[in-house]
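The sequence shown: position 129 = 206 (the numbering used here), numbered continuously.
Here a beta-carbon is modelled for each residue, glycine too, at the ideal position from N, C-alpha and C.
Quick caveat: nothing in here was measured; it's all calculated off a predicted structure.
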Amino acid sequence: MDIVYSDTHDFTAEQLEELFLSVEWSSGHYPDRLVTAMKNFGTVISAWDGEKLVGMVCAMDDGIMNAYIHYVLVRPDYQGKSIGREMIERVKKIYKDYLRIVVISYNSQTGFYEHCGFGKSEVSTPMFITSLWT
Numbered sequence: 078m079d080i081v082y083s084d085t086h087d088f089t090a091e092q093l094e095e096l097f098l099s100v101e102w103s104s105g106h107y108p109d110r111l112v113t114a115m116k117n118f119g120t121v122i123s124a125w126d127g128e129k130l131v132g133m134v135c136a137m138d139d140g141i142m143n144a145y146i147h148y149v150l151v152r153p154d155y156q157g158k159s160i161g162r163e164m165i166e167r168v169k170k171i172y173k174d175y176l177r178i179v180v181i182s183y184n185s186q187t188g189f190y191e192h193c194g195f196g197k198s199e200v201s202t203p204m205f206i207t208s209l210w211t
C-alpha cells in the first residue's frame, strides 16, 4: 500500500460521499455541498490509495494567527496506518507560524489528537448550531 498525499481541492461528489459515509458522518448525505466546501477551504490534504480517496484533513484560517481544522477523516479499513497523523503533521507544517491551531474532537477520539500534540482546553467548551446529526 503506497499512500500518496495531495493538496487538491477538486473531488467528485461520489468520492466525498464514499469517504464521509465510510466514517458514518451525516455530511456524506450532502455530497454536492461537500464538493463546494472543499473548493472553499484554505487547506485540504487528502490521502489516496491509487484512485481511492482514503483520508482527508481540511482547515481554514484567518491568514496569520488562528487555524481551525474542520474535517479529519480516514476510512475505517485504513485507520491505524498513520495516515491521519501524517495529514495532521502536514497541516501543522503549513500553520507552523500561527499562534493557534484548533480542532474539535469527538470525545472518543481525543486520544488521537493528544498524540498529535493537541491539548484539551481548561477554559473553553465548543458550542454549535447545527442541522447535522454527527
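Between which two residues does the alpha helix (DSSP H) carrying H106 extend? Note, H106: premise wrong, no alpha helix (DSSP H); not H, not E.
Rounded to the nearest angstrom, what separates K173 and R167 at their Cα positions? Answer to the nearest angstrom: the Cα atoms are 10 Å apart.
Report the partner residues of Y148 according to the DSSP bridge assignment. Its beta-bridge partners are C135.
Simplified DSSP assignment, three categories, for S185: If DSSP states are grouped into helix, strand and coil, S185 belongs with the helices.
Roughly how many angstroms lie between the CA atoms of I171 and V179, to the nearest whole one? 14 Å
Straight-line gap, P203 to L96 (C-alpha atoms, nearest Å): 25 Å
Using the C-alpha atoms, what's the distance from I146 back to R177? 11 Å
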